[in-house]
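Engineer: Below is the structure I would like to discuss, written out as structure tokens.
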Amino acid sequence: MIELRGLVKNYGLHAVLRGVNLHVKKGEFVTLVGTNGAGKTTLMRIVATLLKPTSGDVLIGGWPLPGHADQVRQHIGLVSHQALLYGDLTAGENLQFFARLYQLDHQTDRVEKALKEVGLAARKRDPVSTFSRGMIQRLTIARATLHEPDILLLDEPYTGLDQDAAHLLDSLLEREMDKGRTILMITHDLIHGWNLSHRSVILNRGKIVREVNRGEASPAEFLDIYAENTGRRAAARVGG
Amino acid sequence: MSKQLTEKKSIFSVLGRSPYAAAVWAIVWKDLQIERHTKQTLSVMIMFSLSTVVMFNFALETNLDAARNVATGLLWATILLAGTLGLNRSLAIEQENRTVDAILMAPVSRSAIYIGKVLSVTLFSIVLEVALVFIFIMFFNKPLWRPQVLLILVLGTIGYISAGVLITSMTIQTRTREVLLPVLLLPLSLPLILPAAMAVASYMFPQTPTWGEVQSPILLVIIYDLLMITTGVMSYHYVVES
């Protein structure tokens with residue numbers, strides 16, 4: 047579903063991604079971990095069609111990027127630590143806008159259903175600026191999945207969430223997995239990411255240095271693997 | 305996946321609706337909704353314009369003839385400066401919470417996003433201009449409430465905002481965006497404003513000018529509009545993706 051071959055991204059003379067190869071199968075949940083500056087967000091923005099690679103092949107659902115970005119965009123949704131929502135609009139208006147932008151059919155029904163699924167139906171007419179961080183993140187998931195994308199990209203979605211909100215986000219992500227969506231998530235919370243996903247991929251200085259399937263190691267062993275490959279003594283939560 | 309895409313596209317065909325027009329309308333609808341809730345863009349533009357006109361009126365109070373002579377230039381200067389406020393506000397909204405990323409991830413043409421933004425800021429500017437015309441009639445006693453004058457104002461606004469959305473999209477991520485926008489946009493707008501001001505000035509006399517007298521400046525304004533819209537439509541994806 048997501049295939050990266052020899053992906054390189056330079057900002058001027060600075061190489062951020064240096065020949066990344068990654069294959070994510072349909073329905074797979076992959077966590078991307080690494081220290082700050084490893085190139086995780088750059089990689090995510092390339093897959094999200096927001097950045098163009100310097101060289102290398104990017105295939106999403108068989109479509110090459112950046113040439114077929116319009117086709118790919120129909121099939122991806124992004125949840126970031128930033129809301130990507132309008133604080134001055136109500137929850138319903140935000141979703142209505144994205145339903146219009148994606149030109150979805152049965153827009154009103156879809157918006158109602160999406161709000162209900164994330165438990166925000168009662169807050170439909172409230173401005174997003176009055177929402178808590180947890181509520182905003184639930185609405186962000188509703189926005190990102192409104193057009194029923196095959197691929198969900200998550201860029202540090204747990205940032206700023208308290209424990210209850212994080213648990214709620216876990217259950218929402220599990221529901222998305224059950225729907226068969228392919229999920230690629232960036233997180234600094236190694237154990238949390240490890241427990242949620244099928245596979246964890248360690249990115250260091252613009253290169254994938256190790257891929258570990260969940261069955262291959264225990265969480266403690268994974269922390270050791272992470273430390274060996276990044277040169278950082280790992281705590282359960284690293285970076286920031 | 306491609307099959308799914310084809311199915312989604314065929315829905316548009318069945319509905320007989322242009323996806324491009326729907327994307328443009330989505331952007332305009334969203335900006336109007338935000339303005340309905342906050343009233344920030346229009347109120348700032350109108351307040352700025354009102355205070356500028358009042359200030360000039362007091363400054364030129366002792367010389368009413370001079371005030372009337374500079375009225376057309378002052379009208380355009382006020383529209384341009386208020387326009388930069390509207391442009392900055394309208395594009396800054398997309399930077400808050402990085403909603404611009406969510407818009408750019410939608411499967412819509414970048415030029416549709418550009419046209420949508422141009423339309424929404426132009427709508428706000430037209431509302432401002434209607435208010436300004438009344439203010440100018442009140443303060444300077446000029447015959448501005450004429451369809452021809454309003455048409456020239458609208459044509460001038462379209463060109464100015466078309467150039468403005470493009471420039472603002474380039475400068476919006478810089479720290480000095482408030483300074484950069486007028487510095488880049490005002491010189492670029494000179495070829496538009498000079499003929500537009502000339503055309504409006506022709507209508508400030510009791511007798512209505514003939515088409516031949518205003519033809520050249522109005523055509524220049526239209527040419528500028530077409531040039532800027534074409535440039536925007538063709539280059540907007542470079543601006544937002546680089």
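Here the protein sequences line up with chains A and B, keeping their order.
Take 47 as the starting number for the first sequence in my numbering and just add one per residue.
Take 305 as the starting number for the second sequence in my numbering and just add one per residue.
Ideal Cβ placement from N, Cα and C applies to all residues, glycine included.
In this text, all values refer to a predicted model and were calculated from it rather than measured experimentally.
Here's the rule: buried if 16 or more other CB atoms are within 10 angstroms of the residue's CB, otherwise exposed. What is B:Thr-461?
Structural biologist: Here residue 461 of chain B corresponds to residue number 157 of the second sequence, with the count starting at 1. B:Thr-461 is buried by the Cβ-count criterion.
Engineer: Below 6 angstroms CB to CB, which residues in the same chain sit around A:Ile-182 once its five sequence neighbours on both sides are set aside?
Structural biologist: Residue numbering aside, residue 182 of chain A sits at position 136 when the first sequence is read from its first letter. Closer than 6 angstroms at Cβ, skipping near neighbours: Ala-129.
Engineer: Pairs of beta-carbons, one from the stretch 115–122 of chain A and one from the stretch 247–259 of chain A, closer than 8 angstroms: are there three or more?
Structural biologist: No: the two stretches stay apart, fewer than three of their Cβ pairs being nearer than 8 angstroms.
Engineer: Among B:Val-437, B:His-341, B:Ala-410, B:Glu-482, which has the Cα closest to the Cα of B:Val-504?
Structural biologist: On the second sequence, position 200 is the one that residue 504 of chain B refers to. When only C-alpha atoms are compared, the closest one is B:Val-437.
Engineer: With a threshold of 6 angstroms on Cβ separation, who are the neighbours of B:Asp-335 within its own chain once the five nearest residues in sequence on each side are excluded?
Structural biologist: To locate residue 335 of chain B, count along the second sequence from 1; it is residue 31. So the qualifying residues of the chain are Ser-424.
Engineer: Nearest to B:Ile-430 by alpha carbon, out of B:Thr-475, B:Ala-410, B:His-541, B:Leu-384?
Structural biologist: As a working mapping, residue 430 of chain B is identified with position 126 in the second sequence. Ranking B:Thr-475, B:Ala-410, B:His-541, B:Leu-384 by Cα distance to B:Ile-430 puts B:Leu-384 first.
Engineer: Count the other C-beta atoms from every protein chain shown that fall within 10 angstroms of the C-beta of A:Asn-82, then say buried if there are 16 or more, exposed otherwise.
Structural biologist: Indexing the first sequence from 1 puts residue 82 of chain A at position 36. With fewer than 16 Cβ atoms within 10 Å of its Cβ, A:Asn-82 is classed as exposed.
Engineer: Helix, strand or coil: which one does DSSP assign to A:Trp-109?
Structural biologist: Counting from 1 along the first sequence, the entry for residue 109 of chain A is found at position 63. If DSSP states are grouped into helix, strand and coil, A:Trp-109 belongs with the strands.
Engineer: Please classify B:Thr-310 as buried or exposed, where buried requires at least 16 neighbouring CB atoms within 10 angstroms.
Structural biologist: By one-based count along the second sequence, residue 310 of chain B stands at place 6. Legend: pLDDT at B:Thr-310 = 45, less than 50; position of this residue unreliable, no value from coordinates given.
Engineer: If you drop the 5 nearest sequence neighbours on each side, which residues of the same chain put their C-beta closer than 6 angstroms to that of A:Lys-98?
Structural biologist: Against the first sequence, residue 98 of chain A aligns to sequence position 52. Contacts found: Pro-112.
Engineer: What residue does the beta strand (DSSP E) around A:Phe-75 start on, and which one ends it?
Structural biologist: Sequence index remark: in the first sequence, residue 75 of chain A carries index 29 (1-based). Counting along the chain, the beta strand (DSSP E) containing A:Phe-75 begins and ends at 75–79.
Engineer: Is there a Cβ of chain B sitting closer than 8 angstroms to that of A:Gly-286, yes or no?
Structural biologist: As a working note, residue 286 of chain A is residue 240 in the first sequence. Only weak support exists for where A:Gly-286 lies, its pLDDT of 37 falling under 50; the value from the coordinates is given anyway. It does not; no Cβ of chain B falls within 8 angstroms.
Engineer: At 8 angstroms on the CB atoms, spell out the chain B contacts of A:Asp-172, in chain order.
Structural biologist: Taking the first residue of the first sequence as position 1, residue 172 of chain A is located at position 126. Correct list: empty, because the minimum Cβ distance to chain B is about 11 angstroms.
Engineer: Are the C-beta atoms of A:Asp-116 and some chain E residue less than 8 angstroms apart?
Structural biologist: Absent from the structure is chain E; the protein chains it does hold are A and B.
Engineer: Step through the CB atoms of chain A and report whether any lies within less than 8 angstroms of the CB of B:Asn-367.
Structural biologist: By one-based count along the second sequence, residue 367 of chain B stands at place 63. Not closer than 8 angstroms to any Cβ of chain A, the Cβ of B:Asn-367 fails to qualify, so no.
Engineer: How would you call B:Ala-330, buried or exposed, if buried means at least 16 neighbouring beta carbons within 10 angstroms?
Structural biologist: Start at 1 with the first residue of the second sequence, and residue 330 of chain B comes out as number 26. Buried.
Engineer: Name the residues in the stretch 409–420 of chain B whose C-beta lies less than 7 angstroms from a C-beta of chain A; which are they?
Structural biologist: Correct list: Met-409, Ala-410, Pro-411, Val-412.
Engineer: Excluding the 5 residues preceding and the 5 following B:Lys-312 in the sequence, name in chain order all residues of the same chain whose CB lies nearer than 8 angstroms to its CB.
Structural biologist: Along the second sequence, read from residue 1 onward, the residue named residue 312 of chain B stands at position 8. Annotation note: pLDDT 48 at B:Lys-312 (below 50); position unreliable, no value reported.
Engineer: Taking 8 angstroms as the threshold (beta carbon to beta carbon), is A:Arg-256 in contact with chain B?
Structural biologist: Stepping through the first sequence from its first residue, residue 256 of chain A is reached at position 210. For A:Arg-256, the answer is no, since every Cβ of chain B falls outside 8 angstroms of its Cβ.
Engineer: Chain A beta carbons: is any one of them nearer than 8 angstroms to that of B:Lys-343?
Structural biologist: On the second sequence, residue 343 of chain B is found 39 positions in, with the first residue counted as 1. With 8 angstroms as the cut-off, B:Lys-343 does not count as an interface residue toward chain A.
Engineer: Taking the continuous beta strand (DSSP E) assigned at A:Asp-134, which residues delimit it?
Structural biologist: Counted from its first residue, the first sequence places residue 134 of chain A at position 88. Segment: none, A:Asp-134 is in no beta strand (DSSP E) and carries neither H nor E.
Engineer: In its own chain, which residues sit with a C-beta less than 7 angstroms from the C-beta of A:Lys-86, not counting the 5 before and 5 after it?
Structural biologist: Mapped onto the first sequence, residue 86 of chain A falls at position 40. Same-chain partners within the cutoff: Leu-78, Gly-80, Ile-232, Leu-249.
Engineer: Could you tell me which of A:Lys-55, A:Gly-165, A:Leu-236, A:Phe-143 sits nearest to A:Leu-96, measuring between CA atoms?
Structural biologist: Counted from its first residue, the first sequence places residue 96 of chain A at position 50. For A:Leu-96, the nearest C-alpha among the options comes from A:Lys-55.
Engineer: Below 8 angstroms between beta carbons: does that hold for B:Ile-441 and B:Leu-448?
Structural biologist: For the purposes of this step, residue 441 of chain B is taken as residue 137 along the second sequence, with counting starting at 1. For the purposes of this step, residue 448 of chain B is taken as residue 144 along the second sequence, with counting starting at 1. Yes, the Cβ-Cβ distance between B:Ile-441 and B:Leu-448 is below 8 angstroms.
Engineer: Could I get the ranges of all uninterrupted alpha helix (DSSP H) runs contained in the stretch 446–501 of chain B, with 4 residues as the minimum, in chain order?
Structural biologist: Segments of the alpha helix (DSSP H) lying fully in the stretch 446–501 of chain B: 451–475.
Engineer: From this set, A:Asp-151, A:Thr-88, A:Leu-131, A:Ile-106, which residue's C-alpha is nearest B:Pro-323's C-alpha?
Structural biologist: Translated into positions along the second sequence, residue 323 of chain B becomes position 19. Ranking the options by Cα distance to B:Pro-323, first place goes to A:Asp-151.
Engineer: Looking at C-alpha atoms only, which residue of A:Val-157, A:Leu-214, A:Glu-202 is the closest neighbour of A:Ala-188?
Structural biologist: If you number the first sequence from 1, residue 188 of chain A lands on position 142. Ranking A:Val-157, A:Leu-214, A:Glu-202 by Cα distance to A:Ala-188 puts A:Val-157 first.
Engineer: What distance in whole Å lies between the Cβ atoms of B:Tyr-528 and B:Leu-496, which are believed to be in contact at a cut-off of 8 angstroms?
Structural biologist: Start at 1 with the first residue of the second sequence, and residue 496 of chain B comes out as number 192. Start at 1 with the first residue of the second sequence, and residue 528 of chain B comes out as number 224. That belief holds up - the Cβ atoms of B:Leu-496 and B:Tyr-528 are roughly 4 angstroms apart, short of 8 angstroms.
Engineer: Assign B:Val-469 to one of two classes, buried (16 or more other C-beta atoms within 10 Å of its C-beta) or exposed (fewer than that).
Structural biologist: Within the second sequence, numbered from 1, the residue matching residue 469 of chain B stands at position 165. When all chains shown are included, B:Val-469 counts as buried.
Engineer: Return no unless some Cβ of chain A is closer than 8 angstroms to the Cβ of B:Thr-403.
Structural biologist: For this step, residue 403 of chain B is matched to residue 99 along the second sequence. For B:Thr-403, the answer is yes, since a Cβ of chain A falls inside 8 angstroms of its Cβ.
Engineer: According to DSSP, is A:Glu-49 part of a helix, a strand, or is it coil?
Structural biologist: Locating residue 49 of chain A in the first sequence gives position 3, counting from the first residue. It is a strand residue.
Engineer: Below 8 angstroms, how does it come out for the stretch 392–412 of chain B and the stretch 353–365 of chain B: are there three or more Cβ pairs, yes or no?
Structural biologist: At 8 angstroms Cβ cutoff, the stretches do not touch.
Engineer: Please name the residue or residues paired with A:Tyr-57 in a DSSP beta bridge.
Structural biologist: To locate residue 57 of chain A, count along the first sequence from 1; it is residue 11. Paired residues: A:His-60.
Engineer: Which residues in chain B sit within 8 angstroms of A:Leu-192, going by Cβ to Cβ distance?
Structural biologist: Here residue 192 of chain A refers to the residue found at position 146 when the first sequence is read from its first residue. Within 8 angstroms Cβ-Cβ: nothing; A:Leu-192 doesn't reach chain B, min ~11 angstroms.
Engineer: Would DSSP call A:Leu-214 helix, strand or coil?
Structural biologist: For this step, residue 214 of chain A is matched to residue 168 along the first sequence. If DSSP states are grouped into helix, strand and coil, A:Leu-214 belongs with the helices.
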